[in-house]
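Okay, so here's the structure we're looking at.
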Amino acid sequence: MKYLLPQGCSVRIVLAGLLASAVLPSGFGQLLSIGTQKQLLVDDVLIERLEHAQRRLNPAAKVEVNPVIARDRPWEGSDTRVSWVIFDERLGKFRMRYGTGDFQPVIASEKTADEGSPKGTYDATFANGRACEAFSNDGIHWEKPNLGFVEFNGSKANNILSPESAAIEYFIQDLHDPDPAKRYKGFIRRGSVREPNMQFDLYTSADGYHWVAYADNPVIDLGAHVGRWGPTLFMGWDPIRKVYAAHLEYSLHMDGRTRLQRGYENTRKRCQARVESPDMIHWGEPELIVSPDGKDAPDTEFYALPVSIYEGYYVGMLWNFSTTNTLFHPEFIFSRDGVHYRRDYRIPFIQRGDTGDFDSVCVYANAPLVHNGQVYIYYTGVNWRSPEQLKTLGAKARAGVGLAIVPLDGFVSVDSGRTEPGVLTTRPFGFSGTALYLNLKRAQREWGAGNPELRVELLDSRFEPIPGYTLAEADVVTDTNPEQRISWQGRTDLSKLAGRPVALRVQFKNIKLYSFQFR
2 MKYLLPQGCS VRIVLAGLLA SAVLPSGFGQ LLSIGTQKQL LVDDVLIERL
52 EHAQRRLNPA AKVEVNPVIA RDRPWEGSDT RVSWVIFDER LGKFRMRYGT
102 GDFQPVIASE KTADEGSPKG TYDATFANGR ACEAFSNDGI HWEKPNLGFV
152 EFNGSKANNI LSPESAAIEY FIQDLHDPDP AKRYKGFIRR GSVREPNMQF
202 DLYTSADGYH WVAYADNPVI DLGAHVGRWG PTLFMGWDPI RKVYAAHLEY
252 SLHMDGRTRL QRGYENTRKR CQARVESPDM IHWGEPELIV SPDGKDAPDT
302 EFYALPVSIY EGYYVGMLWN FSTTNTLFHP EFIFSRDGVH YRRDYRIPFI
352 QRGDTGDFDS VCVYANAPLV HNGQVYIYYT GVNWRSPEQL KTLGAKARAG
402 VGLAIVPLDG FVSVDSGRTE PGVLTTRPFG FSGTALYLNL KRAQREWGAG
452 NPELRVELLD SRFEPIPGYT LAEADVVTDT NPEQRISWQG RTDLSKLAGR
502 PVALRVQFKN IKLYSFQFR
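Letter by letter, the sequence shown follows residues 2 to 520 in the working numbering.
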């Protein structure tokens, strides 16, 4: 059976109910309740006041052994790009699929302007393209195993995936589905965003190698519509909204007829949309969620939006495409409901490399992945974007798979100065649990800097200190700790305050504060 994107499954329909349970400012007379949910400090929803302190984006730091995947096998080409990385629960290790092949310059005049740059792992312009797999115990050092699927130069001792697996362009590990035979799900797209009748077929697998087609494919059929469903990233199960979701390019840069049909006569820019499904079979209509605005440079477009659920937030790596300058970088954006995203920090979250580096021009980031107390962000780095650049570079054209890392909860911090204490005061809220934990990092002591110090005071709904939990009674914290249990004269039990209106007043110096949580 074919499903033509029914109007009945709209993102907006469920928004009203979601806002009632989200951690958002309460109306008059209502107490904001956070329960035991960890609270990141990415926005001011819970912040009443900052004094001598400021929220700051912490760009991800690249690992030393970058790129972590590069061409070093005879069957690999100069164009090596990551498709997906998961921590495979079945195998107990990291698992990566990457595409590799040879750069093939195509002059823009020979194709449409947007098809002039070879960019997709399995594009027709991606010469000698192969899909390969790698494994890792720590996510940094990777092994390219002998899978035994495909013969190369008379031997199957290589990590090349079978044509069957290579055809699965979109892949998720679905831990929500109880059926182990459907642990992995993938899609094959047929057709082009520039032509009518583009379709998606659904496949399932128990091991990620052997795939079974859904009996009623295609599950997505765009029919006569053109340019409404562009390049897609399937997020998988969304535990907050309790649906499957995908983010896709709203191809508003298409021909004039498409824009007129959709009411976007004044834009020719790539934007990002979200679409949902209860079962990965019946898909709703995409709805615009992120588009360039007046604060962006005139040549800004948004190419893709990989998203992860992180501690109750939607955390995205928005691909910021500077079209005039032909540059790509990921921008950190976030949402509490999956629809309304905030772009408070408009700088690259992963910096492009220097001239000559493999990632000097483009950084295409994957969704954040949490492992071993850190946040891993894999990305494809390329030292060219336009076909003209590629022709100029010739044999110096490079691409590889990079990795950048941020500390747990460390996307954004509230930073104090090194000598004068900063103060963060929250709005009143209710909580559950018996103790308060902070994730913090001490700054380096420089000449003239004071010792790192942090104290926490608990306040009532009138912002008056609660006896027994004042700054004078607070025990001093001086060191980095992702799970610092806060105490007052050795006491940590807060059970008698649970459910009552309380606020935090954090006084700190020479420290970065990432998050807090009651549990």
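Here a beta-carbon is modelled for each residue, glycine too, at the ideal position from N, C-alpha and C. Since the model is a prediction, treat every value here as computed from it, not as a measurement.
Any idea what DSSP makes of Q40, helix, strand or coil?
DSSP places Q40 in strand when its eight states are reduced to three.
What's the gap between the Cα of R520 and the Cα of A504?
Distance between the alpha carbons of R520 and A504: 16 angstroms.
When you compare the region 27-46 with the region 356-372, are there three or more beta-carbon pairs, one atom per stretch, that lie closer than 8 angstroms?
Short answer: they don't touch.
Secondary structure at L47, three-state DSSP: helix, strand or coil?
Coil, per DSSP.
Please state whether DSSP places E458 in a helix, a strand or coil.
Here E458 sits in strand by DSSP.
Grab me the residues of C272's own chain with a C-beta within less than 7 angstroms of its C-beta, minus the 5 sequence neighbours each way, in chain order.
Answer for C272: Y251, L253, L289, V291, S292 and F303, listed in chain order.
With 16 other CB atoms within 10 Å as the buried threshold, where does K296 fall?
Its Cβ having fewer than 16 others within 10 Å, K296 is exposed.
What is the rounded straight-line gap between the Cα of P388 and the Cα of E152?
Those two C-alpha atoms are separated by around 32 angstroms.
May I have a chain-ordered list of the beta strand (DSSP E) segments no shorter than 3 residues that lie completely inside the region 54-90?
You should have 54-58 and 80-89.
Going by CA-CA distance only, name the one from F104, F172, A135 and R353 that's closest to G92.
Here residue 92 turns out to be Leu, not Gly, going by the sequence shown. Per the Cα distances, A135.
Express the C-alpha separation of G313 and E90 in angstroms, rounding to a whole number.
Each residue's alpha carbon lies about 21 angstroms from the other.
To the nearest angstrom, how far is the alpha carbon of P232 from that of L249?
C-alpha separation (whole angstroms): 6 angstroms.
Leaving out five residues before and five after E170 in sequence, what residues of the same chain have Cβ atoms less than 7 angstroms from its Cβ?
Around E170: Y123, F188, I189 and R190.
Give me the DSSP bridge partner(s) of N482.
Looking at the DSSP assignment, N482 forms a beta bridge with L441.
So, with DSSP's three-state summary, where would you put Q390?
DSSP places Q390 in helix when its eight states are reduced to three.
What three-state label does DSSP hand L92 in the structure shown?
It is coil, neither helix nor strand.
Between L425 and Y515, how many whole angstroms is the CB-CB distance? I'm expecting something under 8 angstroms.
Contact flag wrong, Cβ pair sits at about 12 angstroms.
Distance, Cα to Cα, A17 vs R337?
A caution first: A17 carries a pLDDT of 33, below 50, which makes its placement in the model unreliable, though a value can still be read off. Those two C-alpha atoms are separated by around 13 angstroms.
For S488, which three-state DSSP category applies?
The answer is coil: DSSP assigns S488 none of H, G, I, E or B.
Does the beta-carbon of G231, which I'm using as the reference point, lie nearer than 6 angstroms to any heavy atom of the ligand MG?
The ligand MG is not part of the structure shown, which contains no ligands of any sort.
When burial is assigned at 16 or more other CB atoms within 10 Å of the CB, is G529 buried or exposed?
Residue 529 is absent from the model: the chain starts at 2 and stops at 520.
For E474, does the three-state DSSP call read helix, strand or coil?
Looking at E474 - three-state DSSP - the assignment turns out to be helix.
Can you tell me the Cα-Cα spacing of D202 and E165, whole angstroms?
Cα-Cα distance, rounded: 13 angstroms.
Assuming G431 and R501 form a contact by the criterion Cβ under 8 angstroms, report the distance between their Cβ atoms to the nearest whole angstrom.
Correct: roughly 7 angstroms between the Cβ atoms.
Between V376 and I348, which are expected to be in contact by the criterion C-beta below 8 angstroms, what is the C-beta distance as a whole number of angstroms?
In fact, because the Cβ distance is near 18 angstroms, the residues do not count as touching under 8 angstroms.
Name the residue from R96, D494 and G78 whose alpha carbon lies nearest to the alpha carbon of W85.
The candidate whose alpha carbon is nearest that of W85 is R96.
Using three-state DSSP, classify A396 as helix, strand or coil.
Here A396 sits in helix by DSSP.
Rounded to the nearest angstrom, how far is the Cβ of A247 from that of F235, given a contact under 8 angstroms?
Confirmed, Cβ separation roughly 5 angstroms.
May I ask you to verify whether the region 315-330 touches the region 350-364, counting CB pairs closer than 8 angstroms and requiring at least 3?
Flag = yes, the region 315-330 and the region 350-364 touch.
Should the region 406-419 be regarded as contacting the region 40-59, the criterion being three or more beta carbon pairs within less than 8 angstroms?
As far as the Cβ criterion goes, the region 406-419 touches the region 40-59, which means the pair count is three or higher.
With DSSP collapsed to three states, give me the class of K270.
In this structure, K270 counts as coil in the three-state DSSP scheme.
I'd like to know whether the C-beta atoms of T427 and E49 end up nearer to each other than 7 angstroms.
In contact: T427 and E49 (Cβ atoms closer than 7 angstroms).
Quick check on the DSSP output: the beta strand (DSSP E) that includes P331 runs from which residue to which?
That run of the beta strand (DSSP E) goes L328 to S336.
So, for A168: in the same chain, excluding its five sequence neighbours on each side, which residues have a beta-carbon less than 6 angstroms away from its beta-carbon?
Within the same chain, A168 has close Cβ partners I189.
Would you identify the three-state DSSP class for A246, choosing helix, strand or coil?
Three-state result, A246: strand.
What is the rounded straight-line gap between the Cα of P219 and the Cα of R242?
Each residue's Cα considered, the two are about 25 angstroms apart.
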